[in-house]
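Undergrad: Got a structure for you, written out below as structure tokens; questions coming shortly.
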Amino acid sequence: MSSQGTVPAWVIEKQQKQIALQREAERKKQVRQQIGKVVAVVRTQMSALNNDDVNTWAKEEMEFVQHTVASTASIVEADVDFVLKRLHKSQAILEQIQSLADDREREHQRKVEAKRTAYNTAVESVKYLRLELTQASSEKEHERLMNDLLDVNDSLEQATVEEVSEAVEAIESQAVQLRERDHLAAVDEELRRHIISSVVKAMSELGFVVGKPKLLRESGNVAVVGTLSSGRTIRFDVRASGEMEFDMDGFKDRSCSDSLDEVLLLLEKQFGVESGPVQHNWKNPDRISKGSKGFPTGGNTRTMGGSGQ
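Everything in the sequence shown is counted per my numbering, starting at 1 for the first residue and increasing by one.
Shown next, in the form of structure tokens:
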């Protein structure tokens with residue numbers, strides 16, 4: 001006896017789902033087994049790579065691997081694929097972590113050396129600048145620059161290469177400016193010494209008794225006073241720039257100008273100190289200011305414009 005019939009669609013669908021669930025469960029079982037094997041491999045790699053270099057220069061990567069391994073202790077079924085994927089990533093990280101740590105250490109050392117080189121170069125440059133400085137006023141400025149460099153040294157470890165470079169370049173630039181200011185001041189001082197010496201000699205040759213040049217603290221000028229036997233006097237105030245002021249006492253009428261011209265003519269002809277136009281201060285007819293210029297023939301010259309005070 002035979003019979004025919006059909007299996008309802010819902011029964012087939014149910015059976016398919018059961019088979020799919022069984023297959024998925026078997027797959028996840030295999031994934032768990034694979035996870036166990038990979039974890040064992042990763043732990044062996046981690047143990048071999050447990051050194052100061054890796055822990056210092058690849059700390060974040062090592063912490064990622066450690067956290068991944070720790071998470072395998074309690075895996076829910078839904079997470080097995082995600083965990084296996086992270087373990088594979090951990091394996092890839094461990095395969096290159098030593099070279100990664102080495103590269104980072106070398107790069108760090110390169111930056112440390114770059115910062116130290118920039119700092120040491122600036123220190124040597126600024127330190128030996130002191131040998132070139134001639135003005136007392138430059139010493140405090142030089143000391144400040146050296147203190148600024150000490151501040152840079154204190155921040156070398158935390159600062160970036162760019163920050164250190166910017167700081168030392170600024171200090172080196174200030175050092176160059178200091179050298180230029182000091183040089184100009186030295187030239188002006190040499191010019192003034194030449195003018196003062198020439199004034200003393202010129203007045204002495206014209207019969208003046210000349211006192212010792214005196215530095216006036218308030219103005220910074222140097223005063224040179226010459227006295228004739230008649231009691232008449234000429235006072236020269238020489239500024240740092242080389243400008244001169246003349247204060248004539250006891251001269252009358254044309255004799256004032258004549259005596260001044262004698263001194264100025266001798267200064268120019270015999271000592272190479274040229275003078276610009278005389279400017280009178282009419283509040284005091286005896287007080288005259290005059291510009292001087294530079295060194296004798298063959299030297300550097302600079303013209304100073306006089307101004308009445």
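Ideal Cβ positions, reconstructed from N, Cα and C, are used throughout, including at glycine. Keep in mind it's a predicted model, so treat the numbers as computed, not measured.
V164 and I196 - do their beta-carbons sit closer together than 8 Å?
TA: Reading the sequence shown from its first residue, position 196 is the one you call residue 196. Reading the sequence shown from its first residue, position 164 is the one you call residue 164. Result no, Cβ atoms of I196 and V164 do not sit closer than 8 Å.
Undergrad: Among A202, E95, R130 and N120, whose alpha-carbon lies nearest the alpha-carbon of L149?
TA: Taking the sequence shown and counting its residues from 1, one reaches residue 149 at position 149. Ranking the options by Cα distance to L149, first place goes to N120.
Undergrad: Taking a contact to mean a Cβ-Cβ separation below 8 Å, would you say V126 touches L156 in this structure?
TA: By one-based count along the sequence shown, residue 126 stands at place 126. By one-based count along the sequence shown, residue 156 stands at place 156. No, the Cβ-Cβ distance between V126 and L156 is not below 8 Å.
Undergrad: Are at least three pairs of beta-carbons, each pair with one atom in the region 76 to 95 and one in the region 32 to 44, less than 8 Å apart?
TA: Counting Cβ pairs under 8 Å, three or more are found: they touch.
Undergrad: Got a sec, what are the start and stop residues for the beta strand (DSSP E) A58 sits in?
TA: Locating residue 58 in the sequence shown gives position 58, where the first residue counts as 1. First-last for A58: undefined, no H or E at that position.
Undergrad: By DSSP's criteria, M203 is part of a beta bridge. Which residues make up the other side?
TA: Counting from one through the sequence shown, the residue named residue 203 turns up at place 203. M203 pairs with nothing; no bridge assigned.
Undergrad: Please determine whether the Cβ atom of V38 lies at a distance below 7 Å from any heavy atom of the ligand NAD.
TA: The ligand NAD is absent from the structure shown, which contains no ligand whatsoever.
Undergrad: Residues in the same chain with beta-carbon distance under 7 Å from Q98, minus the five sequence neighbours each way, listed in chain order, please.
TA: Indexing the sequence shown from 1 puts residue 98 at position 98. The answer, listed in chain order, is L49 and V54.
Undergrad: Is the beta carbon of R32 less than 8 Å from the beta carbon of V80?
TA: Within the sequence shown, numbered from 1, the residue matching residue 32 stands at position 32. Within the sequence shown, numbered from 1, the residue matching residue 80 stands at position 80. Cβ distance < 8 Å, so R32 and V80 count as in contact.
Undergrad: So, are the CB atoms of G231 and L191 less than 8 Å apart?
TA: What you label residue 231 is simply residue 231 of the sequence shown in a count that begins at 1. What you label residue 191 is simply residue 191 of the sequence shown in a count that begins at 1. Going by C-beta atoms, G231 is not nearer than 8 Å to L191.
Undergrad: Specify, as a first and last residue, the run of the beta strand (DSSP E) that F82 falls within.
TA: Numbered from its first residue, the sequence shown carries residue 82 at position 82. No beta strand (DSSP E) holds F82; the alpha helix (DSSP H) holding it covers V80 to L129.
Undergrad: With a floor of 4 residues, list each alpha helix (DSSP H) that falls wholly inside the region 22 to 68, ordered by position along the chain.
TA: List check, alpha helix (DSSP H) in window: 52 to 57.
Undergrad: Answer yes if the region 174 to 190 comes into contact with the region 217 to 237, meaning at least three C-beta pairs across the two stretches below 8 Å, and no otherwise.
TA: These segments do not touch.
Undergrad: I need the boundaries of the beta strand (DSSP E) containing A223, first residue and last residue.
TA: Numbered from its first residue, the sequence shown carries residue 223 at position 223. V222 to T227 is the extent of the beta strand (DSSP E) around A223.
Undergrad: If we ignore side chains and look at the alpha-carbon of each, how far apart do Q15 and R104 end up?
TA: Stepping through the sequence shown from its first residue, residue 15 is reached at position 15. Stepping through the sequence shown from its first residue, residue 104 is reached at position 104. Approximately 57 Å between the Cα atoms of the pair.
Undergrad: So R235 is in the beta strand (DSSP E); what residue range does that whole segment cover?
TA: Mapped onto the sequence shown, residue 235 falls at position 235. Unbroken beta strand (DSSP E) run through R235: T233 to V238.
Undergrad: When DSSP builds the beta bridges, which residues end up paired with L215?
TA: Looking up residue 215 in the sequence shown gives position 215. Note: L215 sits in a beta bridge opposite V222.
Undergrad: Judging by CA-CA distance, which residue of E139, I234, A240 and I93 is the nearest neighbour of D188?
TA: The residue given as residue 188 occupies position 188 in the sequence shown. Of E139, I234, A240 and I93, the residue nearest in Cα terms is A240.
Undergrad: Where does H194 land, buried or exposed, given buried means 16+ other C-beta within 10 angstroms?
TA: Residue mapping note: residue 194 aligns to position 194 of the sequence shown, counting from 1. Buried, by the Cβ-count rule.
Undergrad: Which residues does DSSP list as the beta-bridge partners of V210?
TA: Counted from its first residue, the sequence shown places residue 210 at position 210. In the DSSP output, where bridge partners are listed per residue, V210 has G226.
Undergrad: Quick one, which of L21, S74, L184 and D102 has its alpha-carbon nearest G36's?
TA: As a first step, residue 36 must be located in the sequence shown, where it is residue number 36. Comparing Cα-Cα distances from G36 to each of L21, S74, L184 and D102, the minimum goes to S74.
Undergrad: Quick one: Cα of G211 to Cα of L184, how far?
TA: Translated into positions along the sequence shown, residue 211 becomes position 211. Translated into positions along the sequence shown, residue 184 becomes position 184. Using only the alpha carbons, I get a separation of about 28 Å.
Undergrad: Please look up how many angstroms separate the CB atoms of V83 and T72, rounded, as I've assumed it's under 8 Å.
TA: Position 83 of the sequence shown, counted from the first residue, corresponds to residue 83. Position 72 of the sequence shown, counted from the first residue, corresponds to residue 72. At roughly 6 Å, the Cβ-Cβ gap stays under 8 Å, so V83 and T72 are in contact.
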